[in-house]
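Contents: one structure, followed by commentary.
In my numbering, the protein residues as written are 46 to 465.
Here it is in structure tokens:
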């Protein structure tokens, strides 16, 4: 069955719930995981949770696992690498036991994992399984929402904040503890609060507020001029309804999706365009392309129109508009006023992306040919989806589909390069 036809109705048991009880200690020690590894860890725990302490091993269909994590189900190299990373990552917890005594322990996140005949089998150490299954201290991690995240820091902050949604605040964390939660405690660059705030706190807060069912706001406590502690105020996101739109069946019910499919756009590409640009913007470019008459490649023309924001040429207005035209113009003006805020926001996002692409061009031009080749190979290896790799092969560092990943890649190499 193709990936696009796998939906939640086919999942059973723990997977059907879409949420996983994630022990506080486990959340605290998983800060250094990449985004893909963090998502994979949550899905594996969700699948195993009901039998976490009673079954020595757990199994999940590899294609289902890939679908829930959100990458190409045929990319078993990436899946193997991520499972290997979980098995090599050491989990550490420091907490009170049932009698109030301090307990410290370490364990690998997975004691073993294997892929055979399209099935992933894995296990947790008994000690870690007990900590992960402890019902007294946990957070509910929504596996559907986690697919909205594009950075590991954003998802890490969401996991650490969500468990406090009912109390409204995380409570104060020392800045050193916060660095550990975000997985940057070993970085000298992030010892500077200025860098930590600009690159980690602000960007992660923005992603949580944009991509999840909670809204958070940081507060800081100082000693003299130095920031010593941080906490996050938390409330439920009133726009939660927009995050309940399923990224497959929900999108396929949209008229713009059906119009794209009618123009020969593939299922995967149609859903990608709608997710990346928004329903209104894609419909606008569909209308533009339809007005151009016969074109050699509708899909190629649509791709260019979306990427470069093609606009129709304005027609001169009549010298003396009729009363009906005046009324229609007023009506359109009122509608335009209502949409203006969203339009400005999209325009600002596109302008910011163009600025960052220009910065990437400068960074690439400063590299020698050997470095450029190595950069491309390293970035290509980090891409999880064949569609993403194909788009990068075609457009290089100007790949719109991979914009967020490209900016994150170069920001890692040159942390201050994108500062406006």
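Note that beta-carbon positions come from the ideal geometry of N, C-alpha and C, so glycine has one too.
Give every residue of the same chain whose Cβ lies closer than 6 angstroms to the Cβ of residue i, excluding the five residues on either side of it in the sequence, and list them in chain order.
i           : result
residue 260 : 254, 280, 282
residue 170 : 152, 156
residue 51  : Reliability fails at residue 51, whose pLDDT of 41 lies under 50, so the model's placement of it is uncertain and no value is given.
May I ask you to report which of helix, strand or coil DSSP gives residue i?
i           : result
residue 409 : helix
residue 135 : strand
residue 168 : strand
residue 429 : coil
residue 128 : helix
residue 376 : helix
residue 160 : strand
residue 260 : strand
residue 464 : coil
residue 230 : coil
residue 298 : coil
residue 286 : Model confidence at residue 286 stands at a pLDDT of 39, short of 50, so the residue's coordinates are unreliable and nothing is read from them.
residue 97  : coil
residue 355 : coil
residue 91  : helix
residue 338 : coil
residue 452 : helix
residue 446 : coil
residue 437 : helix
residue 119 : coil
residue 345 : helix
residue 307 : helix
residue 209 : coil
residue 459 : coil
Between the options, which has its C-alpha nearest residue i's C-alpha?
i           : options            : result
residue 262 : 232, 250, 175, 256 : 250
residue 326 : 174, 352, 276      : 352
residue 357 : 372, 334, 367, 344 : 334
residue 150 : 160, 175, 164      : 175
residue 424 : 400, 413, 458      : 458
residue 161 : 147, 108, 89       : 108
residue 173 : 328, 332, 445, 138 : 138
residue 94  : 122, 163, 168, 112 : 168
residue 204 : 218, 227, 464      : 227
residue 278 : 211, 102, 270      : 211
residue 121 : 201, 164, 84, 463  : 164
residue 218 : 190, 89, 265, 239  : 265
residue 422 : 432, 438, 411, 349 : 438
residue 400 : 244, 355, 464, 252 : 464
residue 133 : 82, 101, 241       : 82
residue 407 : 367, 456, 377, 370 : 456
residue 159 : 348, 178, 124      : 124
Given this structure, state the Cα-to-Cα distance separating residue i from residue j, to the nearest angstrom.
i           : j           : result
residue 469 : residue 196 : The question about residue 469 has no answer here: the residues shown for the chain are numbered 46 through 465.
residue 434 : residue 300 : 28 angstroms
residue 381 : residue 199 : 34 angstroms
residue 275 : residue 247 : 13 angstroms
residue 166 : residue 106 : 9 angstroms
residue 390 : residue 322 : 12 angstroms
residue 206 : residue 420 : 35 angstroms
residue 233 : residue 136 : 23 angstroms
residue 97  : residue 110 : 17 angstroms
residue 221 : residue 235 : 10 angstroms
residue 258 : residue 413 : 45 angstroms
residue 308 : residue 328 : 12 angstroms
residue 396 : residue 194 : 22 angstroms
residue 394 : residue 373 : 30 angstroms
residue 337 : residue 345 : 13 angstroms
residue 461 : residue 448 : 18 angstroms
residue 267 : residue 273 : 5 angstroms
residue 430 : residue 79  : 16 angstroms
residue 343 : residue 452 : 29 angstroms
residue 312 : residue 445 : 18 angstroms
residue 240 : residue 87  : 29 angstroms
residue 339 : residue 238 : 56 angstroms
residue 398 : residue 405 : 10 angstroms
residue 416 : residue 441 : 15 angstroms
Taking 7 angstroms as the cut-off, is the C-beta of residue i nearer than that to any heavy atom in the ligand ZN?
i           : result
residue 146 : As far as ligands go, the structure on display features none, and thus does not contain the ligand ZN.
Based on DSSP bridge pairs, tell me the residues matched to residue i.
i           : result
residue 39  : Summary: the structure shown does not reach residue 39, with the chain confined to residues 46 through 465, and so no result is reported for it.
residue 266 : 274
residue 105 : 165
residue 219 : 274
residue 153 : 135
Any beta carbon of chain C sitting closer than 8 angstroms to that of residue i?
i           : result
residue 325 : Checking the listed chains, one finds no chain C in this structure; it contains a single protein chain.
Looking only at its own chain, which residues have a Cβ that is under 8 angstroms from the Cβ of residue i, when we skip the five neighbours before and after it?
i           : result
residue 427 : 450, 454
residue 302 : 296, 315, 316, 319
residue 214 : 276, 277, 278, 279
Excluding five sequence neighbours on each side, which residues of the same chain lie with their C-beta closer than 7 angstroms to the C-beta of residue i?
i           : result
residue 402 : 443
residue 350 : 330, 333, 334
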